[in-house]
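Per our numbering, the very first residue in the sequence shown carries number 8; after that it's consecutive.
Cβ atoms here follow ideal geometry from the backbone N, Cα and C, with glycine treated the same way.
Written below as structure tokens is the structure these notes are about.
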Amino acid sequence: MMKHRYSFQEPDGSGTLYLVATPIGNLDDMTYRAVETLKAVEVIAAEDTRQSRKLLNHFQIDGPRLISYHEHNKKSKEEAILSLLREGQSVALVTDAGTPGISDPGADIVRAAVEENLPVVPIPGAVAGIAALIASGMPTDRFTFVGFLPRDKKDRIAELKKIQHRPETQIFYEAPHRIGETVKALLEVFGDREISIGRELTKRYEQFSRGKISACVEWVAEEKPRGEFVLVVAGGDGELENSHVESSWWEGLTLSEHVDKIVETGVSKKDAIKVVAKDRGLQKRDVYNEVMT
């Protein structure tokens with residue numbers, strides 16, 4: 008049964024969880040509605056309270072109580088935030104920069120609030136991935152937001168192989184200390200496609216670098232650029248190596264977890280490794296080395 012809730016319906020006694028987008032660099036990108044919402048709520052749940060305090064001071068917002076909600080404390084803080092909402096207090100969720108729920112733990116508290124049918128209202132604003140996409144010069148009618156790739160090289164390569172043939176434009180986030188390894192992995196798996204790299208978006212030293220991935224590898228090696236990056240990469244040929252790539256039940260599982268799920272069906276581990284290799288388009292020895300070592 009569908010549960011309907013109108014964002015602007017009369018209050019029913021519970022507080023509202025507001026998802027407030029904040030600037031990704033330039034403070035002038037803060038919306039009027041975002042400022043007014045932050046002034047009106049009782050509590051602001053921030054990924055980094057130090058960063059959010061600077062934002063609140065800039066816009067002279069001093070009423071709400073500021074609490075932390077981030078990847079490392081989300082389980083302990085989730086019930087506290089839900090309790091505030093149940094009691095009728097409204098909470099604004101903010102991330103360090105950009106829109107909450109995109110590459111941060113915000114999606115978890117939203118899911119919990121939705122399960123209780125508590126009001127959840129988005130206050131839209133800046134998203135780094137969309138800003139980089141529209142300035143990339145690549146097709147914007149269809150795109151896949153990938154976000155951050157796994158840190159482990161094998162997992163990173165495996166993740167890229169799952170999406171290498173997808174025809175739509177693809178968007179990645181990356182930190183400065185991993186940008187070199189990421190562009191090398193893109194070249195290895197995707198080949199020498201077109202790429203646009205947005206760096207320090209909306210900030211004073213905002214920069215876009217466009218060209219082939221091979222040229223990007225050289226640029227990163229020579230310049231060792233700093234800042235946060237958004238990589239926008241041209242889509243693939245649309246041909247899938249196997250029929251499971253587009254709609255795979257195992258997406259999100261590690262190789263070991265994938266093998267274990269197959270074994271649970273009664274298949275031997277040896278045969279499960281063969282199945283996993285076929286599912287993911289990997290060499291059997293690569294899956295074996297990852298799972299058995």
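Rounded to a whole number of angstroms, what is the C-alpha to C-alpha distance between residue i and residue j?
i: residue 137; j: residue 276; result: 43 Å
i: residue 51; j: residue 178; result: 29 Å
i: residue 111; j: residue 291; result: 34 Å
i: residue 278; j: residue 161; result: 21 Å
i: residue 252; j: residue 208; result: Here residue 252 scores only 43 on pLDDT, less than 50, and its place in the model should not be relied on; the value that follows carries that caveat. Between residue 252 and residue 208, the C-alpha separation is close to 32 Å.
i: residue 41; j: residue 169; result: 38 Å
i: residue 172; j: residue 81; result: 35 Å
i: residue 154; j: residue 186; result: 13 Å
i: residue 298; j: residue 272; result: 18 Å
i: residue 235; j: residue 30; result: 14 Å
i: residue 265; j: residue 296; result: 14 Å
i: residue 229; j: residue 223; result: 10 Å
i: residue 22; j: residue 93; result: 6 Å
i: residue 68; j: residue 60; result: 9 Å
i: residue 78; j: residue 293; result: 31 Å
i: residue 19; j: residue 26; result: 19 Å
i: residue 167; j: residue 243; result: 11 Å
i: residue 282; j: residue 263; result: 12 Å
i: residue 88; j: residue 267; result: 35 Å
i: residue 122; j: residue 227; result: 44 Å
i: residue 300; j: residue 286; result: 21 Å
i: residue 76; j: residue 233; result: 27 Å
i: residue 152; j: residue 47; result: 32 Å
i: residue 182; j: residue 231; result: 12 Å
i: residue 270; j: residue 214; result: 49 Å
i: residue 36; j: residue 199; result: 35 Å
i: residue 210; j: residue 128; result: 28 Å
i: residue 280; j: residue 212; result: 48 Å
In the DSSP assignment, find the alpha helix (DSSP H) that holds residue i and state where it starts and stops.
i: residue 133; result: That residue, residue 133, is in no alpha helix (DSSP H); it is neither H nor E in DSSP.
i: residue 284; result: 276-287
i: residue 13; result: Premise fails: residue 13 is in no alpha helix (DSSP H) and is neither H nor E.
i: residue 56; result: 56-65
i: residue 292; result: 291-299
If you follow the beta strand (DSSP E) that residue i is part of, which residue opens it and which one closes it?
i: residue 204; result: 201-206
i: residue 44; result: Segment 39-47 is the alpha helix (DSSP H) holding residue 44; no beta strand (DSSP E) there.
i: residue 269; result: Not the beta strand (DSSP E): residue 269 falls in the alpha helix (DSSP H), residues 262-270.
i: residue 151; result: 150-155
i: residue 31; result: No beta strand (DSSP E) holds residue 31; DSSP gives it neither H nor E.
i: residue 51; result: 50-53
Quick check: residue i and residue j, are their CB atoms within less than 8 Å of each other?
i: residue 102; j: residue 49; result: no
i: residue 100; j: residue 24; result: yes
i: residue 237; j: residue 119; result: no
i: residue 220; j: residue 193; result: yes
i: residue 176; j: residue 146; result: yes
i: residue 241; j: residue 201; result: yes
i: residue 239; j: residue 139; result: yes
i: residue 203; j: residue 144; result: yes
i: residue 284; j: residue 130; result: no
Starting from the Cα of residue i, find the closest Cα among the options and give me that residue.
i: residue 72; options: 45, 79, 78, 65; result: 45
i: residue 190; options: 175, 218, 213, 114; result: 218
i: residue 57; options: 115, 66, 74; result: 74
i: residue 85; options: 281, 97, 196, 115; result: 115
i: residue 156; options: 227, 65, 261; result: 261
i: residue 288; options: 206, 196, 215; result: 196
i: residue 13; options: 280, 108, 126; result: 126
i: residue 158; options: 174, 198, 149, 184; result: 184
i: residue 32; options: 216, 62, 39; result: 62
Taking CB distances under 8 Å as the criterion, tell me whether residue i reaches chain B.
i: residue 157; result: In summary, chain B is missing from the structure at hand, where a single protein chain is found.
Considering only heavy atoms of the ligand COA, does any lie closer than 7 Å to the CB of residue i?
i: residue 117; result: With respect to the ligand COA, the structure offers nothing, as it holds no ligand at all.
| task | Entirely within the region 71-146 and at least 4 residues each: give me those alpha helix (DSSP H) ranges in chain order. | result | 81-93, 113-122, 135-141
| said: Just to confirm the assignment: which complete alpha helix (DSSP H) runs, minimum length 4, are found wholly within the region 170-223? | reply: 186-197
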